[in-house]
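Peer 1: If you scroll down you'll find the structure; I have some questions about it.
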Amino acid sequence: MATSSSLEPSVPLPLSPDILNDLQESSKDWALTHGLVVMYMSPDQICCPDRITYVPHTLLPSPIPRQLFERMVSLQPHINLLMHRVAEDREFMTSALKSTIKVDDFTAKLFEIYEEMHQAGFTKPVKLTLLRSDYMIDTSGPQQVMKQVEINTMASSFGGLAANLTHLHKYNLGLHSGAQSNFEDNLPKNESLEALAEGMVKAWQLYGRTEAVVCYVVCCPEQNIFDQRLLEFMMKKKVPCIRVIRRGLSEMGKKGHLSEDRRLFVDGLEVAVVYYRVGYVPSHFCCGEKAWDAKLLAEKSLAVTCPSIDWHLAGTKKIQQELSRPGVLEKFLDDPAIIADIRATFAGQYHLELDEEGDAAAIMGIRDPERYVLKPQREGGGNNFFGDELMQTLTELQGKEERAAYILMERIHPQVISNYEVRGNQPVQLKDMVSELGIFGIFVSKSSDVVMNTCAGHLLRTKNVKINEGGLAMGASCMDSPYLV
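Going by full-length UniProt numbering, the sequence shown opens with residue 1, and the numbers climb by one from there.
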């Protein structure tokens, strides 16, 4: 259930037909001219490398309470540090994931690599994580609050495109006579592209060999290649001698090897940084063991992996559920005020192991399925269960160990806003929509020293209120930018 908007839009709505027509055409042209684009997907979902289209986006920026936005931005460095300390705590990670790895083959395979690194005594001298904390405005209580949807520690995309969307919306508002004269004050600067590139450059510099390359591990063809290329080009702008190569997981497994001193080489090129934009779902490893060989090879090496295997596992739903338990944040953070602020963003989360607590959580979900979301240990969107599917899945899993592979989370009741969605081959119409705010973070460490810990801009994604889930890559949501009110 969602709540109707009490947030004022950036301009009075609805727009007149003439203004709407002019504005949407200008918006499409601006996006195409300034590189706000993705590869065209055919109706049967085949990526067409020689065709591009503008990225789906809202015509106008969407309202977000200024106080909530600024609070999430200020919290991000503390969340970065929290996740760093979680990833470094072997005892906590092992205990938290022990039930999950018994029933979830994918997480178990990742954990095998984690264990192998520990047993061999391999440690990464330098670690880099580009993460993103995602939130929605919850309206179920007396006040609007931000509730955390998830923390992404791997392949946090659209940081390249997001920075430019603010400029598109600034342009669109400038064309509209109904916009406030000071509207630019309500559009927060978004430096996600430059900041994320700075994090990558810092990791490359810490590796210490200027001839070593950065390897983007990607799908081919890749619909979102331009978001990735923008990051590559910004790195090149900052340090012209940096070279970026692009390889698939299996390709890296076939063509990669380690030197005697654990340096990673791919096609004869020494690799300083391995940046994963794939590898977060089982289907990315469907080509066989060579893909897993690549993951293991990179972890064994001295190359900076973004993320390292411990950070990858720290981003699982199970770890996030464990962090929501009473007293757990206090293991990793000292400041009571920061702990309280982070805890206030947590929706209720419950494990589903075969014990009294897990049984009670399963019963809650079966009895009131509209109140919860059932989450497996998967990233990338489109994996969760809602309503009748949630109830059916939990019923089928009663008494089965496989239930422990899921997390039950209280459903967020988001604020509904009105906006226009600009998407290829669809009419631009005013819709009831809900937004999800992502705050990017960068964390770079060298041995026990924190080298970089900062917020790195934001991403707003907005979708039709009738759609339960799904991100930009799945075609369910569109890019947006916040208009602070």
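Every residue, glycine too, gets a C-beta built ideally from N, C-alpha and C.
Check the DSSP bridge columns for residue 418 and list the partner residues they point to.
Peer 2: As a position in the sequence shown, residue 418 is number 418, starting the count at 1. Per DSSP, 432.
Peer 1: What is the DSSP secondary structure of residue 155, reduced to helix, strand or coil?
Peer 2: Counting from 1 along the sequence shown, the entry for residue 155 is found at position 155. The answer is coil: DSSP assigns residue 155 none of H, G, I, E or B.
Peer 1: Can the beta-carbon of residue 304 be found closer than 8 Å to that of residue 281?
Peer 2: Reading the sequence shown from its first residue, position 304 is the one you call residue 304. Reading the sequence shown from its first residue, position 281 is the one you call residue 281. Cβ distance not < 8 Å, so residue 304 and residue 281 don't count as in contact.
Peer 1: Would you check if the stretch 293 to 300 and the stretch 319 to 327 touch, i.e. whether three or more CB-CB distances between them fall below 8 Å?
Peer 2: Counting Cβ pairs under 8 Å, fewer than three are found: no touch.
Peer 1: Ends of the beta strand (DSSP E) at residue 453?
Peer 2: Indexing the sequence shown from 1 puts residue 453 at position 453. Note, residue 453: beta strand (DSSP E), 449 to 464.
Peer 1: What residue from 29, 88, 54 has the CA that sits closest to residue 315's CA?
Peer 2: Within the sequence shown, residue 315 is the residue found at index 315, counting from 1. When only C-alpha atoms are compared, the closest one is 88.
Peer 1: Among 455, 143, 306, which residue has its Cα nearest to the Cα of residue 193?
Peer 2: Indexing the sequence shown from 1 puts residue 193 at position 193. Selected option, being the one with the closest Cα: 455.
Peer 1: In this structure, how does DSSP classify residue 242 when only helix, strand and coil are distinguished?
Peer 2: Within the sequence shown, residue 242 is the residue found at index 242, counting from 1. Looking at residue 242 - three-state DSSP - the assignment turns out to be coil, as it is neither helix nor strand.
Peer 1: Taking the runs of the alpha helix (DSSP H) that are 4 residues or longer, which of them lie wholly in the stretch 108 to 161?
Peer 2: You should have found no qualifying run.
Peer 1: How close, in whole Å, do the beta carbons of residue 24 and residue 422 come, if the pair is a contact with beta carbons under 8 Å?
Peer 2: For this step, residue 24 is matched to residue 24 along the sequence shown. For this step, residue 422 is matched to residue 422 along the sequence shown. That pair is a contact at about 6 Å.
Peer 1: Label residue 227 either buried or exposed according to how many other C-beta atoms from any shown protein chain fall within 10 Å of its C-beta, with 16 as the threshold for buried.
Peer 2: In the sequence shown, residue 227 corresponds to position 227, counting from 1. Buried: at least 16 other Cβ atoms inside 10 Å.
Peer 1: Give a yes or no on whether the C-beta atoms belonging to residue 138 and residue 412 are separated by under 8 Å.
Peer 2: On the sequence shown, residue 138 is found 138 positions in, with the first residue counted as 1. On the sequence shown, residue 412 is found 412 positions in, with the first residue counted as 1. The answer is yes: Cβ separation under 8 Å.
Peer 1: Roughly how many whole angstroms lie between the Cα atoms of residue 215 and residue 270?
Peer 2: Stepping through the sequence shown from its first residue, residue 215 is reached at position 215. Stepping through the sequence shown from its first residue, residue 270 is reached at position 270. Their Cα atoms are separated by approximately 10 Å.
Peer 1: So who's on the other strand from residue 480, going by DSSP bridges?
Peer 2: The count along the sequence shown starts at 1 and reaches residue 480 at position 480. According to DSSP, which records beta bridges pairwise, residue 480 is partnered with 460.
Peer 1: From residue 60 to residue 22, what distance separates their C-alpha atoms?
Peer 2: Here residue 60 refers to the residue found at position 60 of the sequence shown. Here residue 22 refers to the residue found at position 22 of the sequence shown. Cα-Cα distance, rounded: 13 Å.
Peer 1: Tell me where the beta strand (DSSP E) around residue 305 begins and ends.
Peer 2: Taking the first residue of the sequence shown as 1, we reach residue 305 at position 305. 304 to 306 is the extent of the beta strand (DSSP E) around residue 305.
Peer 1: Any chance the stretch 356 to 371 sits against the stretch 394 to 403, with 3 or more Cβ pairs inside 8 Å?
Peer 2: As far as the Cβ criterion goes, the stretch 356 to 371 touches the stretch 394 to 403, which means the pair count is three or higher.
Peer 1: Touching or not, the stretch 74 to 83 and the stretch 428 to 445, by the rule of three or more beta carbon pairs under 8 Å?
Peer 2: They touch, by the three-pair rule.
Peer 1: Considering only residues of the same chain and omitting the five flanking positions on each side of residue 445, which have a CB-CB separation below 8 Å?
Peer 2: Position 445 of the sequence shown, counting from 1, holds the residue named residue 445. Hits under 8 Å: 84, 126, 127, 451.
Peer 1: Which partner residues does residue 62 have in the DSSP bridge list?
Peer 2: Here residue 62 refers to the residue found at position 62 when the sequence shown is read from its first residue. Note: residue 62 sits in a beta bridge opposite 482.
Peer 1: Go to residue 270, then tell me how far its alpha helix (DSSP H) extends in each direction, as first and last residue.
Peer 2: Counting from 1 along the sequence shown, the entry for residue 270 is found at position 270. Not the alpha helix (DSSP H): residue 270 falls in the beta strand (DSSP E), residues 269 to 276.
Peer 1: Buried or exposed, going by whether 16 or more other CB atoms sit within 10 Å of the CB of residue 142?
Peer 2: Taking the sequence shown and counting its residues from 1, one reaches residue 142 at position 142. Result: exposed.
Peer 1: Along the beta strand (DSSP E) that carries residue 394, what are the first and last residues, could you check?
Peer 2: Counted from its first residue, the sequence shown places residue 394 at position 394. Careful: residue 394 lies outside any beta strand (DSSP E), inside the alpha helix (DSSP H) at 387 to 396.
Peer 1: With contact counted as at least three CB pairs below 8 Å, one residue from each stretch, are the stretch 173 to 180 and the stretch 371 to 389 in contact?
Peer 2: Short answer: they don't touch.
Peer 1: Using only the alpha-carbon positions, how far apart do residue 170 and residue 31 sit?
Peer 2: Taking the first residue of the sequence shown as 1, we reach residue 170 at position 170. Taking the first residue of the sequence shown as 1, we reach residue 31 at position 31. Cα to Cα, residue 170 sits roughly 12 Å from residue 31.
Peer 1: What distance in whole Å lies between the Cβ atoms of residue 347 and residue 436, which are believed to be in contact at a cut-off of 8 Å?
Peer 2: Counting from 1 along the sequence shown, the entry for residue 436 is found at position 436. Counting from 1 along the sequence shown, the entry for residue 347 is found at position 347. 13 Å between Cβ atoms; not a contact.
Peer 1: What's the gap between the Cα of residue 26 and the Cα of residue 140?
Peer 2: Stepping through the sequence shown from its first residue, residue 26 is reached at position 26. Stepping through the sequence shown from its first residue, residue 140 is reached at position 140. So the alpha carbons of these two residues sit roughly 38 Å apart.
Peer 1: Could you pull the start and end residues of the beta strand (DSSP E) that residue 375 belongs to?
Peer 2: Residue numbering aside, residue 375 sits at position 375 when the sequence shown is read from its first letter. From DSSP, the beta strand (DSSP E) with residue 375 extends over 372 to 376.
Peer 1: Mind checking which residues open and close the alpha helix (DSSP H) that includes residue 183?
Peer 2: For this step, residue 183 is matched to residue 183 along the sequence shown. Run containing residue 183: none; DSSP gives neither H nor E here.
Peer 1: In the structure shown, what three-state DSSP assignment does residue 194 receive?
Peer 2: As a working mapping, residue 194 is identified with position 194 in the sequence shown. In this structure, residue 194 counts as helix in the three-state DSSP scheme.
Peer 1: First and last residue of the beta strand (DSSP E) that includes residue 328?
Peer 2: Looking up residue 328 in the sequence shown gives position 328. Looking at the DSSP string, residue 328 is not in any beta strand (DSSP E), and its letter there is neither H nor E.
Peer 1: Which of helix, strand or coil does DSSP assign to residue 50?
Peer 2: Taking the first residue of the sequence shown as 1, we reach residue 50 at position 50. Reduced to three states, the DSSP call for residue 50 is strand.
Peer 1: By a C-beta neighbour count over all protein chains shown, 10 Å radius and 16 as the cutoff for buried, is residue 164 buried or exposed?
Peer 2: As a position in the sequence shown, residue 164 is number 164, starting the count at 1. Buried, because 16 or more other Cβ atoms sit within 10 Å of the Cβ of residue 164.
Peer 1: Taking the straight line between their C-alpha atoms, what separation do you get for residue 342 and residue 145?
Peer 2: Counted from its first residue, the sequence shown places residue 342 at position 342. Counted from its first residue, the sequence shown places residue 145 at position 145. Distance between the alpha carbons of residue 342 and residue 145 is about 12 Å.
Peer 1: Checking the sheet assignment: what are the DSSP bridge partners for residue 266?
Peer 2: Indexing the sequence shown from 1 puts residue 266 at position 266. Residue 266 pairs with 256, 269.
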